[in-house]
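Residue numbers (the working numbering), protein chains in the order written: chain A, 1 to 241; chain B, 1001 to 1262; chain C, 2001 to 2221. Beta carbons: idealized from backbone N, C-alpha and C, even for Gly. If you're wondering where the values come from, they're calculated on a predicted model, not measured in any experiment. Below is one structure; the comments refer to it alone.
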């Protein structure tokens, strides 16, 4: 029984505050759907969960252990699908996938790749080089990647982009199968993906107005004349309200 | 230990220090220059040309000093993720580059009467030239990113790598120099500097170092204030303020006209 | 180790499929070297005198121009962040990529160098030393260059920038590499030069993967 949760996450991109005070919890078999307007930080949150991005504050824990303490363990248990498909135009679909299996130390790699290709209905493309794939086929190849090797956590950033209706149904089926074996799926999507009773995490709830955050955090202004300036500039706005 | 990490603490701390430091700098450089230009003996060989040394040697010292400072800031930024360290490294680079360029220019001006040529591939001059390239690389890298923080971090890493490389470059350039040019060329500063020259030299070195700190503080404050403005802009506060201002103006106009009308 | 081999294999396969890359590096090297006789005149003595320096400078520039290949494409198509997410340590992956870069650029340069040495009328006594010096020097060029290639990921005008960052760091290799050949030509022992080059190679091998891995992590953050 795995358990993945976080408390009080704050994420800063450059100098922009993306979200703050975010918490979530998931256990084996759960799915979390991330929702929010553009720029609400869905991709950033998935990258934080993957460990690609360090949160400004707060911690993510897997079975009670901070993921920052053992990055390699966390990375070997997760599969991440980003915006980009990472497909090399000069390598065949099979060769593209092979690298990721080798890096995860998968045994009987060819059989595993065959199974993944069948699952996404692209087995006939195995020998085609990347440059001849349509964008939907590329996306499906990228999805096949997450089936290679054992994993307990899927982080899918807009997995449906470029997929047709049938492929979306296949993806739903894959997610259902993965959850049935005890996996946790966290995904963001713009269209409805048929996933059974997902927990919904609306990132708009965690958007903190920059003004509030600035006044809370003393490292951009202080209790001296700075905050006096701040007060001065905030007050007219409050007066309007 | 991160007491100064807070930009506001830095601003508060440097506020009273800055005028004093600037005063000391002016005093040191003024007396240093007086000694260097008027109250020191001329060299029996070089004549008045020797007075270039009072700028040249302190500039060379500052070039190295600033690079070491940048490398230390880079290390601090890597180890403690200290936000001020990146800003300090970033603020130091142009100062160091300017001093290094100054050192090269004065060296060249000095070389013309001494050796009859504007440039010699002397080990020291060559090393300083490479140091200048390292500075320029750093400055170019730091400014090449849309996200200033990414630039600063990349720069910090580069400053550290450069610092490791500087002794290797120095060693190899010395080697190369002795190999290609037998030790017949005139050394820039002889082993014995007359005591009457030491006083102005020391004053100038101290003055330049103080000057560096003054400029550093100014540049860091500038950067901190820029960041604050950007943060405020991102927060949307400025828009509301300008609305408010235009409202005030309208009110003022309205009031004014109201008075003028009847 | 398997991760190292996997990345090495893939990068070599990519270089092979996009075969033009290696050929371009060698072609650039040959063309640059050929420019020097036009610049300084065709007199055999002068060419022989500057041959080792010319070959080293051209090799340096050729190696530098191909640096972008190490990470840029992987950075753009998202492969780099997936590599960072794989359970294999980034240092190992970086070493794999650097070795692939050296095999596809440094090695062809070593093979092309004697040809250019002949054309520049270099004294035959320097040939063996030139090959050994390049064998020691070019891997260090790839290792050091990888840091620069990783630092500029995501930057504007990356190509020009990388030369500004990397060329000053290349100077020691240039000095000892050209020095070794010159010493050999003058009938002196080049052992000392070669030993120092070996030391530089070991130092870069030990230190640069960490710096490069750090730079890559900065880039994908």
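How is residue 256 of chain A classed by DSSP in three states: helix, strand or coil?
-> The question about residue 256 of chain A has no answer here: the residues shown for chain A are numbered 1 through 241.
Contact set for residue 1087 of chain B: own chain, Cβ-Cβ below 6 Å, skip 5 residues either direction = Within the same chain, and ignoring the five residues on either side of residue 1087 of chain B in sequence, the residues whose Cβ sits closer than 6 Å to its Cβ are 1220, 1223.
Please list the segments of the alpha helix (DSSP H) lying wholly inside the segment 25–80 of chain A, counting only runs of 4 or more residues, in order along the chain.
-> 42–50, 71–77
Best match in B/1212, B/1207, B/1233 for proximity to residue 1034 of chain B [C-alpha to C-alpha] = B/1207
Proximity to residue 6 of chain A [Cα-Cα], best of A/68, A/41, A/23 = A/23
For the putative contact between residue 2150 of chain C and residue 2106 of chain C, defined by C-beta atoms under 8 Å, what is the C-beta separation to the nearest angstrom?
-> Contact doesn't hold; Cβ gap of about 18 Å is too wide.
6 Å CB neighbourhood of residue 1085 of chain B in its chain, flanking five on each side removed | 1073, 1076, 1077
Are residue 2061 of chain C and residue 2148 of chain C close, meaning C-beta to C-beta below 8 Å?
-> Not a contact, by the Cβ cut-off of 8 Å.
Chain C contact for residue 87 of chain A (CB, 8 Å cutoff) | yes
Is the segment 2076–2090 of chain C in contact with the segment 79–89 of chain A, if contact means three or more CB pairs nearer than 8 Å?
-> These segments touch.
Using alpha carbons as the reference points, say which of B/1168, B/1177, B/1143 lies closest to residue 1120 of chain B.
-> B/1177
With distances taken Cα to Cα, identify the nearest neighbour of residue 132 of chain A among A/10, A/205, A/92.
-> A/92
Got a sec? Which residues, its chain only, sit under 6 Å from residue 1061 of chain B by beta carbon, not counting five neighbours each side?
-> 1205
How many Å lie between residue 2020 of chain C and residue 2026 of chain C at the Cα?
-> 10 Å
Any idea what DSSP makes of residue 1115 of chain B, helix, strand or coil?
-> helix
Residues of chain C with a CB under 7 Å from the CB of residue 1165 of chain B: which are they?
-> 2169
Residue 2056 of chain C - containing alpha helix (DSSP H), residue span = 2044–2065
The segment 2094–2101 of chain C touching the segment 102–120 of chain A, judged by at least three CB pairs closer than 8 Å | Too few Cβ pairs lie closer than 8 Å, so no.
How would you list, in chain order, the residues of chain C whose beta-carbon sits under 9 Å from the beta-carbon of residue 1115 of chain B?
-> The contacting residues do not exist; residue 1115 of chain B stays about 23 Å from chain C at best.
Through-space distance from residue 2172 of chain C to residue 2071 of chain C, alpha-carbon basis | 25 Å
Ordered list of beta strand (DSSP E) runs contained in the segment 75–120 of chain A, each at least 3 residues | The segment 75–120 of chain A contains these whole beta strand (DSSP E) runs: 78–81.
Spatially closest choice to residue 107 of chain A from C/2216, C/2217, C/2221, C/2002, by CA coordinates = C/2002
Which term fits residue 1059 of chain B, buried or exposed, when burial requires 16 or more other beta carbons within 10 angstroms of its beta carbon?
-> Buried is the call here.
Contacting residues, own chain, Cβ-Cβ under 6 Å from residue 1134 of chain B (five flanking each side not counted) | 1162
Say whether chain C places a C-beta atom closer than 8 Å to the C-beta of residue 127 of chain A.
-> no
First and last residue of the uninterrupted alpha helix (DSSP H) at residue 1124 of chain B = 1123–1142
Determine whether the Cβ of residue 2077 of chain C lies closer than 8 Å to any Cβ atom of chain A.
-> yes
Pick helix, strand or coil for residue 1039 of chain B, following the three-state DSSP scheme.
-> coil
Under 8 Å between C-beta atoms, does residue 2172 of chain C make it to chain B?
-> Interface residue (Cβ-Cβ distance to chain B less than 8 Å): residue 2172 of chain C is classified as such.
Have a look at residue 2085 of chain C and residue 73 of chain A and give me their C-alpha separation to the nearest angstrom.
-> 11 Å
Run the CB neighbour count on residue 158 of chain A, radius 10 Å, all protein chains shown included, and call it buried at 16 or more, exposed below.
-> buried
Are the C-beta of residue 2030 of chain C and some C-beta of chain A separated by less than 8 Å?
-> no
Distance, residue 2044 of chain C Cα to residue 1049 of chain B Cα = 43 Å
Output the distance between the C-alpha atoms of residue 1008 of chain B and residue 95 of chain A, rounded to the nearest integer angstrom.
-> 54 Å
With 16 other CB atoms within 10 Å as the buried threshold, where does residue 1190 of chain B fall?
-> Any answer about residue 1190 of chain B is weak, because its pLDDT of 48 lies below 50 and its placement is not dependable; what the coordinates show is given next. That one is exposed.
If you draw a straight line from the alpha carbon of residue 2110 of chain C to that of residue 2030 of chain C, how long is it in whole angstroms?
-> Rounded to the nearest angstrom, the two C-alpha atoms are 12 Å apart.
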